[in-house]
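The block underneath contains the structure these notes are about, expressed in structure tokens.
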Amino acid sequence: MEPIYLAIIAFCSSLFTACAGLGGGILLLAMMLQIFPPSVVIPLHGITQFFSNASRALILRSFILREYVVPFTIGSLLGVIVFIPMITLVDQVMGSLILGVFILVATWRPSYLRLRSVHATISGAITGGLGLILGAIGPLAMSAHPKEHWLKEQIVANHAAVMACQHGLKVVAFTAIGVNLIEYGHELIGLVLGAATGTFVGTKILKRISDDRFRVLLNVVLTILALRMIYENLLTLALG
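Positions 48 to 287 (our numbering) are the ones given, in order, by the sequence shown.
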């Protein structure tokens with residue numbers, strides 16, 4: 048596909064994430080699965096998401112709470128290390144179903160869960176480990192952030208910083224195992240430029256959205272993503 052079309056797709060997904068806090072990455076992944084061979088989708092998506100989140104964190108860097116992001120990221124790394132041996136032991140379908148319910152509860156009834164009140168390192172370890180096994184790292188991490196105490200810019204900036212680190216690790220891993228994307232160089236340039244441009248425009252729009260409207264939009268997106276997870280896994284259980 049022409050890089051210009053990929054740039055438009057990446058632009059729209061990054062624009063959406065910058066305005067809503069998350070959701071664009073999943074939209075981008077769904078589109079890329081229709082275009083690229085499955086073997087290269089995850090590496091290409093990881094690199095694109097790294098630049099998308101890194102550019103968002105850079106633009107909103109004054110809102111990043113380092114005292115939260117640093118321990119959360121360290122916890123995520125520890126969680127990945129601890130949970131790696133469990134990858135083959137967890138039922139993916141049932142685990143993802145429970146994860147979808149968790150995100151719903153964390154979004155609408157955060158008082159029922161105490162994950163947000165624990166130290167960021169522990170919160171990062173739990174979400175990082177579960178995210179490794181079950182996927183949905185973005186929605187899971189977002190549901191764990193203490194968002195009720197943050198401005199909308201802080202929500203977007205801190206989540207972007209955390210996700211940039213997560214996707215950065217993916218890029219390192221892909222490089223280490225010898226993934227070669229040279230033949231997709233032009234497409235990758237289009238994706239990265241589109242993502243960065245979408246982030247720039249999206250952060251401008253974010254300034255015009257009130258905190259209350261942003262929180263409603265974020266909760267709606269989280270709910271849709273959680274319900275999608277629940278529906279798909281219930282369907283798998285029913286057909287299996």
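C-beta atoms are modelled at their ideal positions from N, C-alpha and C, and glycine is treated no differently.
Can you tell me whether residue i is buried or exposed, with buried defined as 16 or more other CB within 10 angstroms of its CB?
i	result
S123	buried
M276	buried
A77	exposed
Y278	exposed
M133	exposed
N227	exposed
I271	exposed
G225	exposed
I150	buried
V316	Absent from the structure is residue 316, since the part of the chain shown begins at 48 and ends at 287.
If you compare alpha carbons, which of the options is closest to residue i?
i	options	result
A211	K254, G142, C59 and F97	F97
I184	N227, E195, G171 and K194	G171
Q213	L240, R262 and T174	T174
V87	I51, A273 and L235	L235
S109	G93, K217, N227 and A208	A208
E114	E279, R103, H166 and V137	H166
S61	T250, I150 and R260	T250
I82	I169, M141, A57 and I150	A57
P50	Q201, L269, Y231 and F149	Y231
S99	G237, A242, L53 and D138	A242
T95	L69, L240 and V117	L240
N266	T244, W155 and E200	W155
L146	G93, L80 and A188	A188
S190	I89, G70 and D259	G70
G178	L144, I202 and T244	L144
I89	D259, R255, L274 and T222	T222
Q201	V152, A153, I229 and L253	L253
H196	A101, V152 and D258	D258
Go ahead and pull the three-state DSSP assignment for residue i.
i	result
F97	helix
E195	helix
H206	helix
R275	helix
E49	coil
I184	helix
R260	helix
L253	helix
N266	helix
H166	coil
G225	coil
L286	helix
V137	coil
Since residue i and residue j should fall inside the 8 angstroms C-beta cutoff, what is the C-beta to C-beta distance between them, to a whole number of angstroms?
i	j	result
T246	A65	5 angstroms
G215	G176	Not really, about 18 angstroms apart at Cβ, beyond 8 angstroms.
T168	I128	Going by Cβ atoms, the distance from T168 to I128 rounds to 13 angstroms, so no, they are not a contact pair.
L269	P186	6 angstroms
V218	G93	6 angstroms
L53	G237	4 angstroms
I111	N205	6 angstroms
L284	V140	6 angstroms
Task: Within the stretch 68-122, ranges of the alpha helix (DSSP H) (whole runs, at least 4 residues) - done: Scanning the stretch 68-122 from its first residue to its last, the whole alpha helix (DSSP H) runs of 4-plus residues come out as 71-79 and 85-106.
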